[in-house]
Amino acid sequence: MTIAFGNLAFDEPLKRLEIERRQPGPDDVRIDIAYCGVCHSDLHQARGEWAGTLYPCVPGHEIVGRVSAVGGAVTRFKTGDLVGVGCIVDSCRHCYQCDDGLENYCDHMVGTYNGPTPDAPGHTLGGYSQTIVVHEHYVLHIKHDEDQLAAVAPLLCAGITTYSPLRHWNAGPGKKVGIVGIGGLGHMGIKLAHAMGAHVVAFTTSDSKREEAKQLGADEVVVSRNSAEMAAHRQSFDLIVNTVAAPHDLDAFLVLLKRDGTLTLVGAPATPHPSPNVFNLIMKRRSIAGSMIGGIPETQEMLDFCAEHGIVADIEMIRADEVNEAYDRMLKGDVKYRFVIDNSSLS
Ligand code: NAP
Ligand code: ZN
Ligand code: ZN
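Residues in the sequence shown are numbered consecutively from 1, following UniProt numbering.
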């Protein structure tokens, strides 16, 4: 029996639950979870904002902790190792997406919560819990110092979700990169794009984040409600990564792209954005794209890149029983910049 925190219906708060984890099979790693980040996706899922939430719902896919048991065929981990688990706990392991290390795009990808599994209760339960059992393929090595562990947790989703599009669309020296929305994902996007050597412009709706965004690594900050500030950046960006969790006007950002520039959407609002103006795309051969988390090899690459560059998330630690309040604060943009649950508060 494992203590977890989750909810039983979309309109009920999260509370203490007792769940079962499978005994580790030959390829499995059991992890005692030390910390779990709180992603806006957890809120979307638990509160039924996305279709298809299965209850009980135990969210959490920014998991860090220590290996407490390994199956007989496990080769890459041993008891005591510091490890992480992100948004993926299984995939088919033989399609071309899996062969390319892009398990995140496998048709049979199993999410860390709300995914299909033979384990009770028939869908996966996430990291707001004391332990988790995961096939070793989906477990990541953590090379940061142990005292940074809590602040490493958000790299497992917020980190990889911004790292992957920055790499795919070649953020780096000589490139002007925008990051829209300075929340959990956005603040990681700023740090990562800065470390990759790009010229980074942060877009925020919150005047109060103007100075802090510079400390995170932004070269410039634009308050997106200010049309004069926006106009000063017309036709200048190679890439804009948009993390906003609510529907909004995409044209305001499309017109800031250079010819051939790309606006990549990673924010996943519950209802669609208003349709953008086609002329803003065809006149300058611009693209709107999407990107979902990242594959397992790239997640390891991102963790190693962050360890090398001294990058962790800016976090506010909470107890598990504070998560409902944390969700409400996240909706108001009142988080700097990621809540992380201290899982020892579950016991
Ligand atoms: P978050 O911490 O709540 O940050 C979102 C930020 O967007 C806010 O801090 C705010 O920043 C801005 N924002 C919020 N509402 C806005 C509005 N109405 N208009 C303009 N800006 C607004 O959320 P998160 O954890 O970073 O997640 C962001 C989104 O990405 C969620 O929808 C989540 O589900 C999704 N997500 C997607 C993937 C993927 O694989 N694609 C992975 C993880 C998460 P400012 O105050 O700076 O404006
Ligand atoms: Zn997430
Ligand atoms: Zn596959």
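Yeah, the Cβ is synthetic: ideal placement off N, Cα and C, and Gly gets one too.
Around ligand 2, which residues pass a check of Cβ closer than 5 angstroms to any of its heavy atoms? With the criterion CB distance below 5 angstroms from any heavy atom of ligand 2, the matching residues run C39, S41, C157 along the chain.
Return the CA-CA distance between K284 and G159, expressed in angstroms with no decimal places. Here residue 284 is taken as the residue at index 284 of the sequence shown, counted from 1. Here residue 159 is taken as the residue at index 159 of the sequence shown, counted from 1. Computed Cα separation, rounded: 30 angstroms.
Our contact map puts G189 next to V221 with C-beta atoms below 8 angstroms; I'd like the distance itself, whole angstroms only. Taking the sequence shown and counting its residues from 1, the one referred to as residue 189 is at position 189. Taking the sequence shown and counting its residues from 1, the one referred to as residue 221 is at position 221. Between G189 and V221 the beta-carbon gap is near 13 angstroms, outside 8 angstroms, which marks them as no contact.
Cα-Cα separation between S345 and S129, rounded to whole angstroms: Here the question's residue 345 lines up with position 345 in the sequence shown. Here the question's residue 129 lines up with position 129 in the sequence shown. Cα-Cα distance, rounded: 10 angstroms.
With hydrogens ignored, establish whether the beta-carbon of C87 is closer than 7 angstroms to any heavy atom of ligand 3. Residue 87 sits at position 87 when you count from the first residue of the sequence shown. No, since every heavy atom of ligand 3 falls outside the 7 angstroms radius drawn around the Cβ of C87.
Expressed to the nearest angstrom, what Euclidean distance is found between the alpha-carbon atoms of residue 349 and R338? Here the chain covers residues 1 to 347 and nothing more, so residue 349 does not appear.
Length at least 4, wholly inside the region 158-235: the alpha helix (DSSP H) runs in chain order: Runs of the alpha helix (DSSP H) inside the region 158-235: 158-168, 184-195, 210-216, 227-231.
Taking the alpha carbon of K258 as the point to measure from, which residue in I341, S287, L250, P297 has its own alpha carbon closest? As a working mapping, residue 258 is identified with position 258 in the sequence shown. Minimum Cα distance to K258 is reached at S287.
Selected residue, minimal CA-CA separation from residue 356, among A231, S206, K191: Because the chain is modelled from 1 through 347, residue 356 falls outside the range shown and cannot be assessed.
Quick one: what's got a C-beta closer than 8 angstroms to G172's C-beta in the same chain, skipping five residues either side? For the purposes of this step, residue 172 is taken as the residue at position 172 of the sequence shown. Around G172: M196, G197, A198.
Just to confirm the assignment, what range does the alpha helix (DSSP H) spanning M283 have? Residue mapping note: residue 283 aligns to position 283 of the sequence shown, counting from 1. Segment: none, M283 is in no alpha helix (DSSP H) and carries neither H nor E.
Ends of the alpha helix (DSSP H) at N343? For the purposes of this step, residue 343 is taken as the residue at position 343 of the sequence shown. Neither: N343 is in no alpha helix (DSSP H) and is coded neither H nor E.
Just to confirm my understanding: we take V29, look at its own chain, exclude 5 residues before and 5 after, and list those with CB closer than 8 angstroms. What are they? For this step, residue 29 is matched to residue 29 along the sequence shown. The residues V67, A69, V70, G71, V74, F77, V83, V133, V134, H135, E136, V139, in chain order, have a CB closer than 8 angstroms to that of V29 in the same chain once the five nearest residues on each side in sequence are set aside.
Determine, for D260, whether the minimum Cβ-Cβ distance to residues of chain D falls below 8 angstroms. Looking at the structure shown, chain D is missing, and only one protein chain is on hand.
Restricting to Cα atoms, I'd like to know which of E325, D304, G295 is closest to C98. Your numbering for residue 98 matches position 98 in the sequence shown. When only C-alpha atoms are compared, the closest one is G295.
For Q45 and G127, the rounded distance between their alpha carbons: Your numbering for residue 127 matches position 127 in the sequence shown. Your numbering for residue 45 matches position 45 in the sequence shown. Rounded to whole angstroms, the gap between the alpha carbons of G127 and Q45 is 14 angstroms.
I need the straight-line Cα distance from H144 to N280, nearest angstrom please. Residue 144 sits at position 144 when you count from the first residue of the sequence shown. Residue 280 sits at position 280 when you count from the first residue of the sequence shown. Their Cα atoms are separated by approximately 43 angstroms.
Go to S68, then tell me how far its beta strand (DSSP E) extends in each direction, as first and last residue. For the purposes of this step, residue 68 is taken as residue 68 along the sequence shown, with counting starting at 1. Per DSSP, S68 is one residue of the beta strand (DSSP E) stretching across 63-70.
Between the region 308-322 and the region 113-121, do at least 3 Cβ pairs fall closer than 8 angstroms? At 8 angstroms Cβ cutoff, the stretches do not touch.
Quick check: what's the CA-CA separation for V278 versus V244? For the purposes of this step, residue 278 is taken as the residue at position 278 of the sequence shown. For the purposes of this step, residue 244 is taken as the residue at position 244 of the sequence shown. Note on geometry: alpha-carbon atoms of V278 and V244 lie some 21 angstroms from one another.
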